[in-house]
Amino acid sequence: MSVFTGWRAALRIARRDALRAKGRSALVVAMIALPVLGVTAADITYRSADMTPAEELTARIGSADAMYTDAGMGPVRQMPDGDMYDSVKTPDDEVPPIDMRPVFPRGARAISEQSVSATVSTSYGIASTEIVEFKTSDRMARKRIDLVEGAFPRGTDELVATEPFLKSAGLHVGSGITVTTSGRKYTISGAVELPADLEAKQLYADPGAVIAPWQALAARDKKVPAPQPAPVRWLVEAAGPGGIVWKDVLEANKAGAVVDSRQVFENPPPDSEVPLLRSNPQYANSRTYESGETSAALVTVVAMALLEVVLLAGPAFAVGARRSRRQLGLLGTCGGDRSQVRAVVLGGGLVLGGVGAVAGVAVGLLLTVAFRPMIENWAGHRFGSLALHPAELLVIAVLGLVTGLLAAFAPAIVAGRQSVLESLTGRRGVRRSSRVLPVTGACVLALGVLIAVYGGTSGSSVLVAGGSVVAELGLLACIPVIVGLLGRLGRRLPLSPRMALRDAARNRGRTAPAVAAVMAAVAGSVAIATYMSSSLAESDYAYMPSLTEGTIVLSAGDAEAAGRLPAARAAVEHNMPVTGGRADIARVWAGSDCNVYYDEENGCGTLELVKPTGKGHTCPLDTDGAKELAARLSADEHRAMMRTPACVDVRTSTGTFDSGSGNIVVGDAALLGTYVKLDDPAAAAALKAGTPVLLNEAYAKNGEVTLKAVHTYNPKDKQNRKAHPGPARKTTDRLKVYVAKPEYAITPGIRMILPQRTAERLGLHTQPQGSVYAVDRRPTDAEDQRVSAAIDQAGGGLWVQSNQGANDRGNTILLILTLFAGVVTVGAAAITTGLAKADAEADLTTLSAVGAPPRVRRTLSGFQCLVVALTGVLLGTAAGLVPAVALRLVDLRNAMEQMRTQPMDSAYTPIVLPWTTIGLLAVAVPLLAGFLAAAFTRSRLALARRAG
């Protein structure tokens with residue numbers, strides 16, 4: 003019999019066995035198909051979401067042939083893609099705007115685009131937004147702006163808005179809207195979206211609908227602020243099918259225009275025809291139209307998925323082989339040798355692996371298509387098209403097929419070694435566990451940890467990755483022994499948990515792979531979650547807020563606006579989530595106000611809080627010997643030094659309130675509790691007595707500060723100039739101050755709080771600036787718009803500022819990781835429980851026969867599931883910490899090298915455990931798995947035939 007004939011018979015037997023045991027076969031197919039499905043969907047999504055340079059060009063120019071932009075620097079030379087350009091010669095004076103129409107090729111058609119910032123009415127109040135004058139109904143705008151609802155503007159009294167703007171403003175298609183700065187009213191005729199930016203909040207009008215009427219009104223009425231539009235850009239469509247060629251681009255460059263041309267992008271000229279490369283040949287190496295980098299994260303996900311398939315589907319094939327051992331024994335009695343027995347079991351892997359691979363690829367593609375809008379919204383832009391790479395999909399399917407074979411490999415070896423007598427009688431035989439494997443596993447585990455830690459301290463990510471894999475493989479080898487030890491823990495437990503632990507220990511071939519699969523999934527999730535949590539903590543440390551947490555500030559732009567503060571305060575207190583009272587603040591300056599007389603050099607006064615020199619005053623990391631000092635510091639020592647008042651002022655100084663006065667704010671005791679969060683009766687009493695409160699002790703020497711002022715009065719400041727004739731007066735005052743504790747030096751925007759009467763005594767000028775409020779959350783868009791409307795109604799000139807917060811927190815990714823690990827954990831535990839039930843029907847029948855109540859069957863299933871889930875989660879958490887900690891050590895090494903080069907750069911590299919993720923995985927997920935297993939297990943056994 004030929005090899006092909008033998009395999010054909012084996013595949014026929016495997017197919018019939020799969021059809022006979024439909025439940026077990028469906029389980030194996032699902033286990034193979036699910037990871038293949040996930041990898042297929044991830045591959046298509048990854049390729050589709052990564053915008054190609056051609057798609058990025060379409061996002062800029064739509065369906066036009068080119069975009070012309072005024073560079074504002076006279077004649078230019080540019081690269082073919084338009085990303086880099088330079089002036090032919092540096093202009094001496096400001097270059098006037100270009101009249102683009104003569105620059106366009108003969109017969110070309112063009113539409114203009116110009117944006118302007120404005121305030122508009124909403125259903126809540128007033129919002130600031132960007133209005134773009136652009137012919138959105140033109141065919142050149144397609145693929146750049148698409149209509150979602152309604153119609154494009156049909157006249158100068160209509161606008162279209164993006165959906166995010168409509169949502170934030172509480173408006174809809176058909177709503178009326180007013181540009182408050184010009185008073186002109188419009189109707190929203192449609193909703194549009196920008197495929198390249200689904201979160202954009204913008205309004206679009208036809209050219210001439212907004213800016214021109216606004217400019218005309220501003221010319222007639224000086225009280226109306228003139229618009230400040232951006233430079234005009236033009237989308238151009240060539241007269242013929244050839245598009246805008248390189249010759250046209252060079253002609254436009256002579257006039258001072260930069261051109262993004264589709265034809266030139268797709269057919270770039272040789273380097274010899276690019277003038278910019280003659281003077282800057284290095285630009286030739288900076289063009290990157292394609293990226294051949296492979297995502298390490300994607301490779302890791304694929305590897306983890308395949309490993310889990312092998313670990314989970316392997317026990318299913320083992321149980322299938324045991325359930326079919328009589329059939330395999332009969333094959334032996336008919337003359338079949340061990341290779342043919344192995345071929346039957348491997349044939350099952352080939353059949354089920356093929357079905358699972360094909361089903362996974364097909365369903366993954368269908369789900370990606372079905373959930374494409376949701377994925378695009380999450381990515382923030384539309385896909386140009388679904389990027390289907392047949393070669394990659396074929397490789398994924400082949401990997402699924404090979405994975406099925408690998409999962410059946412070990413059970414095939416075991417089935418081939420069984421004697422015909424054992425197969426026919428159903429005896430399993432007794433084998434002692436090998437002691438070599440766990441000892442070897444422990445040594446490999448220790449070696450992997452050492453390699454990972456060494457890689458972290460030496461800065462090698464390759465060693466970290468290799469050591470982490472080696473450590474996880476070593477831990478995998480130790481799992482059978484760990485599972486065996488579980489049986490000894492149940493001696494004092496009730497019946498069901500005791501039997502679950504002993505069953506897990508007795509059937510290690512079934513339990514250990516499932517525990518390993520859970521461990522692999524949890525290890526990956528914990529590693530990424532730990533690294534992300536640590537990186538977020540580092541980002542939080544580097545983040546410099548503009549305001550104290552939990553506060554907002556109402557500010558007035560000038561003296562006239564300050565007179566409208568009472569009305570604005572009433573609006574804030576009525577509409578914002580204010581808690582408690584408010585603290586009123588004022589600006590302080592010397593001489594003429596630099597906010598008014600800023601045009602002329604030395605045309606206004608100065609006020610400076612002098613910082614003494616020496617220890618405790620000068621930051622050692624900001625001096626000549628800083629690099630030598632940084633070379634001797636550890637990361638913790640450097641962080642502690644950076645947090646001292648002398649250094650924190652250098653790192654985090656902000657001009658939130660008024661940078662011109664050296665962060666000196668005029669206020670009273672209310673500011674201490676509302677903004678500074680300083681609950682100190684002595685500090686409040688000092689302010690009441692006229693003594694300033696210094697928040698940064700580095701500026702004090704012997705309890706005093708030095709305040710230098712130059713009282714320069716501008717001739718245009720006639721009132722103050724008349725009262726202070728003669729040359730500028732210079733003063734230096736020593737003030738007794740109350741010094742706050744060192745931790746208050748990081749208060750954003752304030753170094754010293756100066757009482758009003760002290761400022762007057764020193765001959766300084768003050769003006770009400772606004773109020774500070776404590777809030778219990780960040781104001782919503784609707785609340786901001788209501789306050790803006792009230793301020794505008796009162797006369798304008800004021801605004802409310804709040805903290806924007808740190809950058810993207812990554813909570814969504816952490817949640818996805820937790821859900822992924824939880825699903826795999828529940829699935830692996832459920833599969834193991836199902837295999838245990840299928841493998842132990844005889845034991846359960848005996849248990850029922852000796853009088854065990856029906857609920858024991860439920861509780862036994864629940865505890866079997868709990869044992870697998872909890873063991874895998876705990877081992878996975880420990881395994882996941884190894885690469886996370888090692889990678890953070892790599893980051894620490896890099897940060898230390900950077901800090902020793904730039905001593906003021908932070909070297910803080912914390913390791914923060916994601917306790918929420920770990921808690922959910924270690925407690926909630928195992929309990930959920932056990933509960934579900936108990937809930938879906940039948941209490942009573944079905945009648946079975948008597949053996950024999």
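Residue numbers for the sequence shown follow the working numbering, beginning at 3 and rising by one. Think of the CB as a built atom: it goes at the ideal place given N, C-alpha and C, for glycine as much as any other residue. Bear in mind that the values here come from a model prediction, so they are computed numbers and not experimental data.
Between the CA atoms of residue j and residue i - distance to the nearest angstrom
i	j	result
residue 853	residue 847	10 Å
residue 876	residue 197	44 Å
residue 45	residue 218	55 Å
residue 118	residue 42	44 Å
residue 725	residue 766	13 Å
residue 488	residue 652	58 Å
residue 527	residue 468	18 Å
residue 644	residue 620	12 Å
residue 444	residue 477	7 Å
residue 4	residue 52	Below a pLDDT of 50, predicted positions are generally treated as unreliable, and residue 4, at 48, falls in that range; the measurement from the model is reported next regardless. Whole-angstrom Cα-Cα distance: 50 Å.
residue 666	residue 553	18 Å
residue 22	residue 406	19 Å
residue 788	residue 128	7 Å
residue 169	residue 375	18 Å
residue 289	residue 273	Low confidence applies here, because residue 289 scores a pLDDT of 48, under 50, leaving its location unreliable; read the following figure in that light. Looking at the two C-alpha atoms, the distance is approximately 12 Å.
residue 795	residue 567	12 Å
residue 932	residue 31	24 Å
First and last residue of the uninterrupted alpha helix (DSSP H) at residue i
i	result
residue 644	637–644
residue 913	Premise fails: residue 913 is in no alpha helix (DSSP H) and is neither H nor E.
residue 746	Note, residue 746: premise wrong, no alpha helix (DSSP H); not H, not E.
residue 783	783–796
residue 599	Per DSSP, residue 599 belongs to no alpha helix (DSSP H) and is neither H nor E.
residue 474	463–488
Cβ neighbours of residue i in the same chain (closer than 7 Å, five flanking residues each side left out)
i	result
residue 472	446, 449, 450, 453
residue 159	188, 189
residue 498	858, 861, 862, 865
residue 165	150, 193, 195
residue 737	694, 706, 707, 709
residue 137	113, 143, 208, 209
residue 951	Summary: the structure shown does not reach residue 951, with the chain confined to residues 3 through 950, and so no result is reported for it.
residue 394	45
Cβ distance (whole Å) where residue i is taken to contact residue j below 8 Å
i	j	result
residue 87	residue 78	5 Å
residue 637	residue 456	About 19 Å; that fails the 8 Å criterion.
residue 800	residue 557	7 Å
residue 901	residue 632	6 Å
residue 611	residue 746	Contact doesn't hold; Cβ gap of about 15 Å is too wide.
residue 532	residue 894	Not a contact, Cβ separation roughly 14 Å.
residue 84	residue 262	4 Å
residue 2	residue 607	What is shown of the chain runs 3 to 950, which leaves residue 2 out entirely.
residue 439	residue 496	At roughly 32 Å, the Cβ-Cβ gap does not stay under 8 Å, so residue 439 and residue 496 are not in contact.
Contact set for residue i: own chain, Cβ-Cβ below 6 Å, skip 5 residues either direction
i	result
residue 586	773
residue 303	With a pLDDT of 47 at residue 303, under the threshold of 50, the predicted position of this residue should be treated as unreliable, though the coordinate-derived value follows. Nothing meets the Cβ criterion.
Beta strand (DSSP E) segment containing residue i, residue limits
i	result
residue 81	No beta strand (DSSP E) contains residue 81, which DSSP labels as neither H nor E.
residue 754	754–756
residue 609	608–612
residue 590	580–591
residue 736	731–738
residue 713	706–713
residue 767	767–777
residue 201	Careful: residue 201 lies outside any beta strand (DSSP E) and carries neither H nor E.
residue 194	186–195
Own chain partners of residue i with C-beta closer than 8 Å, once the 5 adjacent residues on each side are dropped
i	result
residue 73	87, 89, 258, 259, 260
residue 103	112
9 Å Cβ cutoff, residue i in contact with chain B
i	result
residue 735	Checking the listed chains, one finds no chain B in this structure; it contains a single protein chain.
Could you pull out every unbroken beta strand (DSSP E) segment of at least 3 residues lying fully inside the segment 104–139, listed in chain order? Entirely contained in the segment 104–139, the beta strand (DSSP E) runs reaching 3 residues are, in chain order, 111–123, 128–136.
In the segment 666–700, which residue ranges form an unbroken beta strand (DSSP E) of at least 3 residues, counting only runs that do not cross its ends? Correct list: 666–668.
Pick out the complete alpha helix (DSSP H) segments inside the segment 240–289, 4 residues or longer, and give them in chain order. Fully enclosed alpha helix (DSSP H) runs of 4 or longer: 248–257, 264–268, 277–281.
Every unbroken beta strand (DSSP E) inside the segment 522–561 [3 residues or more]: As far as the segment 522–561 is concerned, its whole beta strand (DSSP E) runs of at least 3 residues are 553–558.
Which full runs of the alpha helix (DSSP H) of 4+ residues lie inside the segment 21–69, going along the chain? Runs found: 24–51, 55–63.
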